[in-house]
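Mapping to the working numbering: the sequence shown position 89 is 79, numbers consecutive. Cβ atoms here follow ideal geometry from the backbone N, Cα and C, with glycine treated the same way. Every value quoted in this text rests on a predicted model; they were computed, and no experiment measured them. Right, one structure below, let's go through it.
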Amino acid sequence: MWAQVNFEFWPVGPSKGTARSKAAFALWEIAASNPGKAVEVANACLPQLCTLLERGGCEEKFNALGCLERLVNSSADACRTFAGNSKAVLATGQASQVAPEIRPKKGAALKRAKSAAEGKLASVTQRLVDFKPAIAAQDAVLPLVKLLHQADKASNAELCRCTAAILRSLTAVSGVGASIVALDGIPVLLKALEHSSPVTDDALAGCIWALTLDSVACTALVKAGAAALLCKRLSALVSSSRHTDKPSKAKHGGLSKEQEGAVCTLTGALRQVSFEDGAKTQLKDESTLALLVSLQSCHNATTYDNVIGVLWNLGLEPGNRELLEAAHAPAFVVDPLPVGWLTSTPLTPLAVVVPETPSAMSPAPASLRGRQVPLMAAT
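Shown next as structure tokens:
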């Protein structure tokens, strides 16, 4: 049987794409209907499936991706075969192009086709990462970074969003952040965000947010000016929402659901970056602080927490007090901690009497009741 499938699967000639697509679809059906055959399909046809992911047309890629999704989710042995094939791992990155290249359709049909492709790609990637995280993630980073660069140059929003979403999931694997830095992926990511739109803001900012959990990547992000760029995208989103007359957006502060999600993720990434001293320097700007303060009125609780977190981190530096006051930041942000904690005033012991009366017994242990207990406080 496999000899026949392979013969149909990769016929000679440029006009045989339909036959290849049908063969891939046949393999997909076999893997879906009979999980026990998954290992056999993987061993016999994995190289051809990978070739389709790399060089096939949109239908061929889609069917090959569907077959791979069934293979890796139906059998641990099939997943092991897939994860052990470096070409297969690299081809997974190329498969990001499937979603935006689905044959031209209109309206809901096109959205369903793209959503199906993205779901299958996410499933393959996640299964691969869970099964063999170190090798799979490291091998997939390079093609994904290249794809993100291509998507940015071609202004392909769907490809950019899909690729950033996969990178975001891969950053959970130890060492991927450092790998992205080593491959010069940080400038590519920030450049894509600079040319971004509400469609891609959420995925790109989410990728940055995930990268901040890696100390090496976070330092690289700050040096590349990530904090200032995140604020720039926030400003663009908020200013564009103020020019809408749609009543449905009024209850969200003028933001569509898509924009509201992007603002939430952007502020989350900014909050994580703002722990770094270099990022705080990038945020010392009147217009930036005014923007952050204005976002307190948003209707999203997570966005509010993120904004307050950024302002709080800025308030921890004594030199920012005047700037925060001028921006009308909340008092608890302007003075987040006692003065002694901020100025490193030497601490001296104080004596505090723990009272004890018949009507109000002290909650302190019996050994401390009525005695002077030394505490440390700033003078």
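Residue 261, buried or exposed, once every other Cβ within 10 Å from all chains shown has been counted against 16: Counting from one through the sequence shown, the residue named residue 261 turns up at place 271. With 16 or more other Cβ atoms within 10 Å, it is buried.
What does the alpha-carbon distance come out to for the pair residue 292 and residue 56? Along the sequence shown, read from residue 1 onward, the residue named residue 292 stands at position 302. Along the sequence shown, read from residue 1 onward, the residue named residue 56 stands at position 66. Approximately 36 Å, taken between the alpha carbons.
Leaving aside the five residues before and after residue 154 along the sequence, list all residues of the same chain whose C-beta is less than 6 Å from its C-beta, in chain order. The sequence position of residue 154 within the sequence shown is 164, counting from 1. If we look at residue 154 and ignore the five residues flanking it on each side, its Cβ neighbours are 193, 194, 197.
Look up residue 303 in the DSSP assignment and say whether it is helix, strand or coil. Start at 1 with the first residue of the sequence shown, and residue 303 comes out as number 313. The answer is helix: DSSP assigns residue 303 an H, G or I state.
Quick check: the stretch 302 to 320 against the stretch 244 to 253, are there 3 or more CB pairs under 8 Å? no
Which class does residue 10 belong to by DSSP, given the choice of helix, strand or coil? The residue labelled residue 10 in the question sits at position 20 within the sequence shown. The answer is helix: DSSP assigns residue 10 an H, G or I state.
Check the Cβ-Cβ distances between residue 210 and every residue of chain C, and say whether any is below 8 Å. This model lacks chain C altogether; it includes just one protein chain.
Helix, strand or coil: which one does DSSP assign to residue 204? Within the sequence shown, the letter at position 214 stands for residue 204. If DSSP states are grouped into helix, strand and coil, residue 204 belongs with coil.
Does DSSP classify residue 15 as helix, strand or coil? To locate residue 15, count along the sequence shown from 1; it is residue 25. Note: residue 15 maps to helix in three-state DSSP.
Given residue 264, which residues of its chain have a CB within under 8 Å of its CB, disregarding the five upstream and five downstream residues? One-based indexing of the sequence shown puts residue 264 at position 274. Contacts found: 217, 270, 273, 299, 300, 303, 304.
Taking the alpha-carbon positions, what's the residue 267 to residue 14 distance? Translated into positions along the sequence shown, residue 267 becomes position 277. Translated into positions along the sequence shown, residue 14 becomes position 24. Each residue's alpha carbon lies about 53 Å from the other.
Separation of residue 221 from residue 9, as counted between CA atoms: Start at 1 with the first residue of the sequence shown, and residue 9 comes out as number 19. Start at 1 with the first residue of the sequence shown, and residue 221 comes out as number 231. Their Cα atoms are separated by approximately 50 Å.
Residue interval of the alpha helix (DSSP H) (run including residue 63): For this step, residue 63 is matched to residue 73 along the sequence shown. Run containing residue 63: 48 to 64, per the alpha helix (DSSP H) assignment.
Figure out for me which residue from 178, 204, 41 has the closest Cα to the Cα of residue 164. Residue numbering aside, residue 164 sits at position 174 when the sequence shown is read from its first letter. Among 178, 204, 41, the Cα nearest to that of residue 164 is on 204.
Could you spell out where the alpha helix (DSSP H) holding residue 267 opens and where it closes? As a first step, residue 267 must be located in the sequence shown, where it is residue number 277. Residues 267 to 272.
Let me know the secondary structure DSSP gives residue 237 once reduced to three states. Residue numbering aside, residue 237 sits at position 247 when the sequence shown is read from its first letter. Caution is warranted here: a pLDDT of 44 is assigned to residue 237, below 50, making its placement in the model unreliable, and no coordinate value can be reported.
Go ahead and label residue 188 buried or exposed: buried means 16 or more other beta carbons lie within 10 angstroms of its beta carbon, across all protein chains shown. For this step, residue 188 is matched to residue 198 along the sequence shown. By the 10 Å Cβ count, residue 188 comes out buried.
Going by the beta-carbon positions, is the gap between residue 176 and residue 149 smaller than 8 Å? Position 186 of the sequence shown, counted from the first residue, corresponds to residue 176. Position 159 of the sequence shown, counted from the first residue, corresponds to residue 149. Contact flag unset, no.
For residue 262, report the span of its alpha helix (DSSP H) as first-last. The sequence position of residue 262 within the sequence shown is 272, counting from 1. Element bounds for residue 262: 247 to 263.
Identify whether residue 191 lies in helix, strand or coil by the three-state DSSP scheme. Taking the sequence shown and counting its residues from 1, the one referred to as residue 191 is at position 201. Of the three classes helix, strand and coil, the one that applies to residue 191 here is helix, per DSSP.
When the distance is taken between beta carbons, is residue 50 closer than 8 Å to residue 42? Counted from its first residue, the sequence shown places residue 42 at position 52. Counted from its first residue, the sequence shown places residue 50 at position 60. Contact: yes.
If residue 166 and residue 131 are in contact, beta carbons under 8 Å, what's the gap, nearest whole angstrom? One-based indexing of the sequence shown puts residue 166 at position 176. One-based indexing of the sequence shown puts residue 131 at position 141. Yes, residue 166 and residue 131 are in contact; Cβ-Cβ is about 6 Å, under 8 Å.
To the nearest angstrom, how far is it from the Cα of residue 314 to the Cα of residue 286? The count along the sequence shown starts at 1 and reaches residue 314 at position 324. The count along the sequence shown starts at 1 and reaches residue 286 at position 296. Taking the straight line joining both Cα atoms gives about 14 Å.
Does the Cβ of residue 310 have 16 or more other Cβ atoms within 10 Å, making it buried, or fewer, making it exposed? Along the sequence shown, read from residue 1 onward, the residue named residue 310 stands at position 320. Residue 310 comes out buried.
Can you tell which of 208, 278, 199 has the C-alpha that lies nearest to the C-alpha of residue 224? What you label residue 224 is simply residue 234 of the sequence shown in a count that begins at 1. Checked all of 208, 278, 199; the closest Cα to residue 224 is 278.
Run through DSSP, which three-state label would residue 196 get? Residue mapping note: residue 196 aligns to position 206 of the sequence shown, counting from 1. Residue 196: helix per DSSP, three-state reduction.
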